[in-house]
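Reading through the C-alpha cells given below for one structure.
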Amino acid sequence: MQQKASSFNKGIYFFNLRRFWLISFSFAFLLSLNILDFLRYASERVHRNSAIAGELASDIFVFTDITATVMFSAFSLIAALAVFSYIHKQDSTAMLHALPLTRKCLFITNYLSGLTLVMLPLLVGGAILIAGELLSGITEIGYSFLWMAVSSVFLFLWYSFAVFAGMFTGHMAAHALFFLIFNFLAVFLQDVIGTLLSSLVFGYARPYQSPFTPLSPIVYLVDVFLDLENGKGNYAVLACYLIAGIVFTLGAGAVYIRRRMESAGDVVSVRVMRPVFKYSVAFCSAGLLGSIVVDTMNFGRSFSVFLTSYLLGGFIGYFAAEMLLRKTVRVFRNIKGFLAFALIIVLFLSAVNFDLFGYEDYVPDAEDVEVMYVGYYMDDYAKIALNPENYNPERHRYLFDDSDYVDNPPSGLDESLIRQFRQRPGVLEEPESIRKATELHRAIVQNARLYKRLDRRSSSYYDDSDDTVYTNLTFTYRMKNGKTTERAYYIPIDAPGGEPERALRELVTTGEFRKKLYSMLEVEAGDISLVNVILNDEGGTVVSLTDKNDIEEFLDALKKDIANTDPVDMFLNHRKDSFTGISATFYFREGRAPAVYDRGMFYLTGNERRVLIWSDYSNTIGYLAEKTGLVR
Amino acid sequence: MIEVRDLKKSFDGFQALNGVNITVKKGSVYGLVGPNGAGKTTLIKHLAGIFMPDSGTIMIDGKPSFENTEVKAKTVYIPDDIYFFPQASLLDMKRFYKSVYPVFDEERFRKLAEVFPFDPKKTLRRLSRGMKKQAAFWLGICLKPDLMLLDEPVDGLDPVMRREVWSIMLQDVAERNMTVFVSSHNLRELEDVCDHVGIIHEGRIILERDLSEIQNNIIKLQVAFDGPLPGEINELDILSRQSSGRIWVLIVRGEKDRILSQVKKLNPIIMDALPLTLEEIFVYELGGMNYAAKSIIL
Numbered sequence: 001m002q003q004k005a006s007s008f009n010k011g012i013y014f015f016n017l018r019r020f021w022l023i024s025f026s027f028a029f030l031l032s033l034n035i036l037d038f039l040r041y042a043s044e045r046v047h048r049n050s051a052i053a054g055e056l057a058s059d060i061f062v063f064t065d066i067t068a069t070v071m072f073s074a075f076s077l078i079a080a081l082a083v084f085s086y087i088h089k090q091d092s093t094a095m096l097h098a099l100p101l102t103r104k105c106l107f108i109t110n111y112l113s114g115l116t117l118v119m120l121p122l123l124v125g126g127a128i129l130i131a132g133e134l135l136s137g138i139t140e141i142g143y144s145f146l147w148m149a150v151s152s153v154f155l156f157l158w159y160s161f162a163v164f165a166g167m168f169t170g171h172m173a174a175h176a177l178f179f180l181i182f183n184f185l186a187v188f189l190q191d192v193i194g195t196l197l198s199s200l201v202f203g204y205a206r207p208y209q210s211p212f213t214p215l216s217p218i219v220y221l222v223d224v225f226l227d228l229e230n231g232k233g234n235y236a237v238l239a240c241y242l243i244a245g246i247v248f249t250l251g252a253g254a255v256y257i258r259r260r261m262e263s264a265g266d267v268v269s270v271r272v273m274r275p276v277f278k279y280s281v282a283f284c285s286a287g288l289l290g291s292i293v294v295d296t297m298n299f300g301r302s303f304s305v306f307l308t309s310y311l312l313g314g315f316i317g318y319f320a321a322e323m324l325l326r327k328t329v330r331v332f333r334n335i336k337g338f339l340a341f342a343l344i345i346v347l348f349l350s351a352v353n354f355d356l357f358g359y360e361d362y363v364p365d366a367e368d369v370e371v372m373y374v375g376y377y378m379d380d381y382a383k384i385a386l387n388p389e390n391y392n393p394e395r396h397r398y399l400f401d402d403s404d405y406v407d408n409p410p411s412g413l414d415e416s417l418i419r420q421f422r423q424r425p426g427v428l429e430e431p432e433s434i435r436k437a438t439e440l441h442r443a444i445v446q447n448a449r450l451y452k453r454l455d456r457r458s459s460s461y462y463d464d465s466d467d468t469v470y471t472n473l474t475f476t477y478r479m480k481n482g483k484t485t486e487r488a489y490y491i492p493i494d495a496p497g498g499e500p501e502r503a504l505r506e507l508v509t510t511g512e513f514r515k516k517l518y519s520m521l522e523v524e525a526g527d528i529s530l531v532n533v534i535l536n537d538e539g540g541t542v543v544s545l546t547d548k549n550d551i552e553e554f555l556d557a558l559k560k561d562i563a564n565t566d567p568v569d570m571f572l573n574h575r576k577d578s579f580t581g582i583s584a585t586f587y588f589r590e591g592r593a594p595a596v597y598d599r600g601m602f603y604l605t606g607n608e609r610r611v612l613i614w615s616d617y618s619n620t621i622g623y624l625a626e627k628t629g630l631v632r
Numbered sequence: 001m002i003e004v005r006d007l008k009k010s011f012d013g014f015q016a017l018n019g020v021n022i023t024v025k026k027g028s029v030y031g032l033v034g035p036n037g038a039g040k041t042t043l044i045k046h047l048a049g050i051f052m053p054d055s056g057t058i059m060i061d062g063k064p065s066f067e068n069t070e071v072k073a074k075t076v077y078i079p080d081d082i083y084f085f086p087q088a089s090l091l092d093m094k095r096f097y098k099s100v101y102p103v104f105d106e107e108r109f110r111k112l113a114e115v116f117p118f119d120p121k122k123t124l125r126r127l128s129r130g131m132k133k134q135a136a137f138w139l140g141i142c143l144k145p146d147l148m149l150l151d152e153p154v155d156g157l158d159p160v161m162r163r164e165v166w167s168i169m170l171q172d173v174a175e176r177n178m179t180v181f182v183s184s185h186n187l188r189e190l191e192d193v194c195d196h197v198g199i200i201h202e203g204r205i206i207l208e209r210d211l212s213e214i215q216n217n218i219i220k221l222q223v224a225f226d227g228p229l230p231g232e233i234n235e236l237d238i239l240s241r242q243s244s245g246r247i248w249v250l251i252v253r254g255e256k257d258r259i260l261s262q263v264k265k266l267n268p269i270i271m272d273a274l275p276l277t278l279e280e281i282f283v284y285e286l287g288g289m290n291y292a293a294k295s296i297i298l
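As they're listed, the protein sequences go chains A and B. Residue numbering for the first sequence is 1 to 632, as defined by my numbering. Residue numbering for the second sequence is 1 to 298, as defined by my numbering.
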C-alpha cells in the first residue's frame with residue numbers, strides 16, 4: 001500500500017527561500033524607500049500642523065499607487081518565474097520530478113515559497129510604515145493596516161496569476177509574456193475594438209468608462225488606491241480579486257498535476273491551448289496593426305485599407321504563432337487555418353462596415369426619451385445629469401460649487417440637486433427640444449454618406465483641403481425605460497445650407513437650449529449687488545456699477561449682445577470676433593449667482609462671476625463708451 | 001523489481017514508446033541499448049516517474065511508480081544532462097537531498113570524498129561535465145537506493161573514474177541487492193557489468209535476455225568450402241554474411257552446437273565458431289531491423 005504522501009516539503013521551501021532571497025530583499029528595499037519617502041513627507045507636515053496627522057495617514061495610498069502597482073506586479077512575476085523556473089527546462093524538470101515527492105507537494109511547496117518571497121517584503125514595509133507613523137505622531141494606523149491588506153490582495157492576485165500563466169508554457173519568456181498579456185489584454189482589446197468601431201461605424205461612441213477595465217488589474221489598481229485614499233474603497237472588486245487569486249491558484253495546481261513534463265521548452269505546454277494561442281495571437285496582431293495603420297496613416301477611414309491591415313496583421317500573427325509552436329520557420333504550407341481566420345475577419349469587418357446590425361441608422365423616438373444631452377463633450381456634470389445613479393460622492397465632489405459640499409459631499413443626489421445638474425448646457429428635458437435634437441440626429445444619419453469618416457478628436461479639426469471645420473457632436477439619450485443610448489460624430493456640422501445645419505440652428509434656438517447655454521439671460525438686475533467693469537486702457541481702470549438702474553442698463557445691453565450672437569456659432573464656440581480685453585465682474589446677492597456653464601463666463605467665488613466682453617458686443621461697448629468715455 | 005507492460009508514449013504525433021515490455025529482476029544490472037531516438041531516455045524518465053505514460057503500466061517492486069513517493073524514495077535517477085541548482089555547491093546539494101530523501105548516509109559521504117577528488121564547497125556549475133557526473137554519483141550512492149536508474153552514466157568520466165564508479169555500484173549490487181537499470185551507447189562497458197540486456201528500437205523492445213544467453217544464441221562462424229557456399233547453408237538463420245576469397249564469415253542466430261553440427265554436415269574445409277561482442281550483437285540484430293550500418297563513400 002502506498003504510504004500517505006506529504007503535501008509540503010520543508011526542505012525545498014527553505015531551500016527556495018535561501019536561493020531566491022535576493023528577490024525578497026530587492027522588493028523590500030524598494031518598497032521601504034517608497035514608504036520612507038511617504039514618512040518623510042508626513043512627518044514634515046505633522047511638524048507644521050499636528051492637527052492634520054489623522055488625514056495624512058490615508059495619503060499612503062496616493063504615495064504608493066504607481067510605484068506599488070509596478071513593483072507588486074513585477075516582483076510577483078519575478079518570484080513566480082524563479083520558483084517555477086525548473087518547469088521550463090528539461091534537465092531541471094527531470095531532477096525535481098524524480099524526487100520522492102508528489103506533484104501536488106512540489107506545486108504547493110514551490111507556490112508557498114514564492115508567495116513568501118513577495119509577502120515578506122510587504123510585512124517589512126508595513127512594519128516600517130506603522131513604526132514610522134507612530135514615531136511621527138500619526139496614531140491613526142488603521143489606514144496602514146488597510147494598505148497592507150489591499151496590497152496583499154493584489155500581490156496574491158498577481159503572484160497567483162503569474163504562477164497560473166507559467167503552467168501553460170514551457171518557456172520562461174512566454175511565461176513573462178503571458179503574464180503581461182493578462183494584465184493589459186482587457187485595455188488593449190478595448191482600444192482595438194474602440195478603434196475598429198469608431199473607424200467603421202458612423203456614430204459609434206466609445207464608452208467613457210469601460211466595465212472591462214477591472215479585468216486589467218494593473219490599470220485598475222491605481223483607481224482602487226485613489227478611492228481608498230478618500231476612504232471609499234470598492235471592497236466588492238477587492239473581494240473579486242481575492243477570489244480570482246484563489247481560482248488561479250487552484251487552476252494552476254490542477255494544470256500542474258496533469259502537466260506533461262516533456263513540454264519543457266515549448267511555448268504552449270497544454271495541447272488544447274495551442275489553437276487558442278495561435279488564433280489569439282493572430283487576432284491581437286491583426287487588431288494591433290489595424291489600429292496602428294488607422295491611427296498613423298489612414299485618416300480617411302478607408303475600409304479597404306483597414307481590411308488589408310487586419311489581414312496583414314493576422315497573417316504575421318498567425319504564422320509567428322505557428323513558428324513558435326512548431327519551433328521551425330517552415331510553417332507556410334499549412335495555410336488552411338489562416339484562410340479560415342481571414343474569412344472570419346473579412347465577414348466580421350464587412351458586417352461592421354456595412355452596418356448589418358442597424359447601429360448607424362438608429363435614432364430613438366423623441367417620445368421614448370426621458371432626458372438627453374447634445375454637445376461636443378459630455379463632461380461629468382452632464383453624465384450625472386443623465387445618470388444620477390452613477391453619482392459617487394468621492395469622485396464627484398468637485399462638481400459642486402458649494403464649498404460645504406466640496407468638503408462634505410452629499411451621500412446621494414436629491415431632486416433639487418439632480419435639477420441643478422440638469423441645468424447643464426446641452427442637457428434637454430423638454431419634449432420640444434428633445435424632438436428637435438432627434439431631428440438633428442436624424443439629419444446627420446441621413447446625410448452620413450456626405451461626410452468623411454475621421455476619428456473623433458478632443459478639439460475641432462480644420463481640413464484645408466476642402467476648407468471645412470470638423471466638430472465633435474455627441475448625442476446621449478436616457479430613455480424612459482432607463483437604458484442609455486449614445487452616438488458620437490466628428491463632422492462638419494455647420495456646413496451652410498445643409499439639412500444638418502438647419503436642424504442644428506432650430507435646436508440651439510429653442511428656449512431650453514438657449515436658457516441653459518447662456519445663464520446670464522436668466523439673471524435679473526435685482527440679483528446683482530455690484531458690477532466692476534475692468535477696462536482695457538493702460539491703467540486697467542475699474543468702473544463700478546452700484547446703482548440699480550446702471551446695473552439694469554448694463555445687464556440689458558449685455559443680454560441684447562448675447563441674444564444677437566449667431567446661436568450656431570455660439571454653440572460651436574466659433575467666434576468670428578475677438579476679445580476686447582474688457583471684462584465685467586458681477587457680485588451676486590447670496591444664493592442668486594447663476595451656474596457657471598456658459599461661454600465666456602468664469603467662476604470666481606460662490607457669488608462672483610466674470611464675463612468677457614467680445615468685440616461684437618456693440619450694445620455693451622456702446623453703453624460703456626457713453627457711461628465712461630474711456631471706451632471706443 | 002521492474003515490470004513494464006505495453007507502455008506507450010507519444011510526443012506531438014511521434015510515437016516515442018510503442019508498447020514497451022520489460023522485466024528486470026531484483027539485484028540485476030540491466031543494460032538498455034538502442035540507436036539514437038529509439039526511446040531509451042523516454043523509458044528511463046517513465047521509470048523515474050517524471051513522464052506520465054499515455055497507456056500501459058510500470059510497476060517497481062510490485063507498486064506503480066508514477067506519483068508513488070514510497071517507490072521514488074528508494075530510486076535514484078542520474079540523467080545524462082545533470083542539473084544542479086545554479087550557485088549550489090556539493091554541500092548545498094547534499095543538504096537539499098537530505099531534506100527530501102528519507103535516507104542519506106553521511107558516513108558514506110565522508111568516505112566517498114577519498115574517491116571523488118574535488119572540493120565539495122566549490123560551485124558545481126563551474127565544474128566540468130565529468131566532475132558533475134562524479135558529484136551526481138557521490139550524492140546518489142549516499143542515498144542507498146534499491147534502484148539506480150542511469151542514463152549514459154559514465155559519459156564524460158575518465159577510464160579510472162569509470163572503473164571506480166562501477167566498482168562502488170557493483171559493490172552495492174552485491175551487498176545490498178541493489179538493482180541497476182542503465183542505458184548506454186558504450187556497449188563494451190555494458191558487456192562488463194550487465195547481466196541482462198534489452199535492445200530497444202523505434203519504441204519497442206526487440207530483444208531482452210540474459211547477456212550470456214544472448215551471446216550463446218548468436219555466433220560468428222568462419223567457414224570455407226571447397227567450392228561455392230552450399231545452398232543448404234541458407235537453412236540457418238543467417239543475419240549477415242561476408243566473404244574474403246573462399247572464407248565466409250557468417251553471423252548466425254541459434255544454438256551454437258546445433259549450428260555447428262548442421263554446418264559440419266556440409267563438409268567445410270575450415271570451420272571456426274567465435275563469440276560475438278555485445279556491440280556486434282547490437283549491430284547485427286538491428287541490421288535485421290533495417291538499421292544496418294551503411295558504408296557511405298563521400
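For glycine and all other residues, C-beta sits at the position ideal for the given N, C-alpha and C. Since the structure is predicted, the reported quantities are computational estimates derived from the model, not experimental observations.
Item: Taking Cβ to Cβ, would you say F332(A) is nearer than 8 Å to F319(A)?; Value: yes
Item: I'd like to know whether the C-beta of D81(B) is nearer than 8 Å to at least one C-beta of chain A.; Value: yes
Item: Comparing the C-beta of M95(A) with each C-beta of chain B, is any distance below 8 Å?; Value: yes
Item: If we cut at 8 Å on Cβ distances, does E114(B) have a partner in chain A?; Value: no
Item: According to the neighbour-count rule (16 or more other Cβ atoms, all chains shown, within 10 Å of its Cβ), is G13(B) buried or exposed?; Value: exposed
Item: Can you pull out the residues from the segment 112-143 of chain B whose beta carbon lies closer than 7 Å to at least one beta carbon of chain A?; Value: none
Item: Residues of chain A with CB under 8 Å from G49(B), in chain order?; Value: H97, A98
Item: Kindly indicate if chain B contains any beta-carbon less than 8 Å away from that of E262(A).; Value: yes
Item: Alpha carbon to alpha carbon, what distance is there between S263(A) and D295(A)?; Value: 40 Å
Item: When you compare the CB of A73(B) with every CB in chain A, is at least one pair closer than 8 Å?; Value: yes
Item: Can you give the Cα-Cα distance for S158(B) and W166(B), rounded to whole angstroms?; Value: Checking the sequence shown, residue 158(B) turns out to be Asp, not Ser. Going from the Cα of D158(B) to the Cα of W166(B) covers about 12 Å.
Item: So is the beta-carbon of R188(B) under 7 Å away from any non-hydrogen atom of the ligand SAM?; Value: The model depicted lacks the ligand SAM and carries no ligand whatsoever.
Item: So with Cβ pairs under 8 Å, would you call Y77(B) a contact of chain A?; Value: yes
Item: According to DSSP, simplified to helix, strand and coil, what is K9(B)?; Value: strand
Item: What three-state label does DSSP hand S459(A) in the structure shown?; Value: Because the pLDDT of S459(A) is 49, which lies under 50, any placement of that residue in the model is unreliable, and the question is left without a value.
Item: Closer than 8 Å is the cut-off here; do at least three beta carbon pairs connect the segment 189-202 of chain B with the segment 220-229 of chain B?; Value: no
Item: Between L624(A), V270(A), F586(A), which lies nearest to N607(A) when the distance is taken from Cα to Cα?; Value: F586(A)
Item: What are the residues that DSSP puts in a beta bridge with F475(A)?; Value: V374(A), R487(A)
Item: What does a CB cutoff of less than 8 Å around K294(B) pick up in its chain, not counting 5 residues either side in sequence?; Value: Interpretation of K294(B) is limited by its pLDDT of 46, a score under 50 that renders its predicted location unreliable; the figure taken from the coordinates is listed afterwards. So no residue of the chain qualifies.
Item: Please confirm whether L288(A) has its beta-carbon closer than 8 Å to some beta-carbon of chain B.; Value: no
Item: How big is the Cα-Cα spacing for L399(A) and G581(A)?; Value: 29 Å
Item: For the segment 89-103 of chain B, which residues have a CB atom closer than 7 Å to at least one CB atom of chain A, in sequence order?; Value: F96, S99, V100, Y101
Item: Run through chain A and tell me which residues come within less than 9 Å of F109(B), C-beta to C-beta.; Value: Neighbours of F109(B) on chain A: none; closest Cβ ~17 Å, over 9 Å.
Item: Just checking: is the beta-carbon of I12(A) within a distance shorter than 8 Å of some beta-carbon in chain B?; Value: yes
Item: Along the chain, which unbroken stretches of the alpha helix (DSSP H) at least 4 residues long are found entirely within the segment 234-303 of chain A?; Value: 235-258, 273-296
Item: Just list the alpha helix (DSSP H) runs in the segment 104-177 of chain B, keeping only unbroken ones of 4 residues or longer that don't cross its boundaries, in chain order.; Value: 106-112, 129-142, 159-176
Item: Residues of chain B with CB under 8 Å from D91(A), in chain order?; Value: P79, D81, I82, Y83
Item: Decide if W158(A) is buried, meaning its Cβ has at least 16 other Cβ atoms within 10 Å, or exposed.; Value: buried
Item: So, are the CB atoms of S183(B) and T41(B) less than 8 Å apart?; Value: yes
Item: Identify, in the order they occur along the chain, each residue of the same chain with its Cβ nearer than 8 Å to the Cβ of M297(A), setting aside the five sequence neighbours on each side.; Value: V305
Item: Grab me the residues of K98(B)'s own chain with a C-beta within less than 6 Å of its C-beta, minus the 5 sequence neighbours each way, in chain order.; Value: F104
Item: Quick check on K63(B): does DSSP put it in helix, strand or coil?; Value: strand
Item: Output needed for S210(A): all residues of its chain with C-beta closer than 6 Å, excluding positions within five of it in sequence on either side, in chain order.; Value: Q190
Item: N299(B) to G31(B), Cα distance in whole Å?; Value: Residue 299(B) lies beyond the range of chain B shown here (1 to 298); nothing can be said about it.
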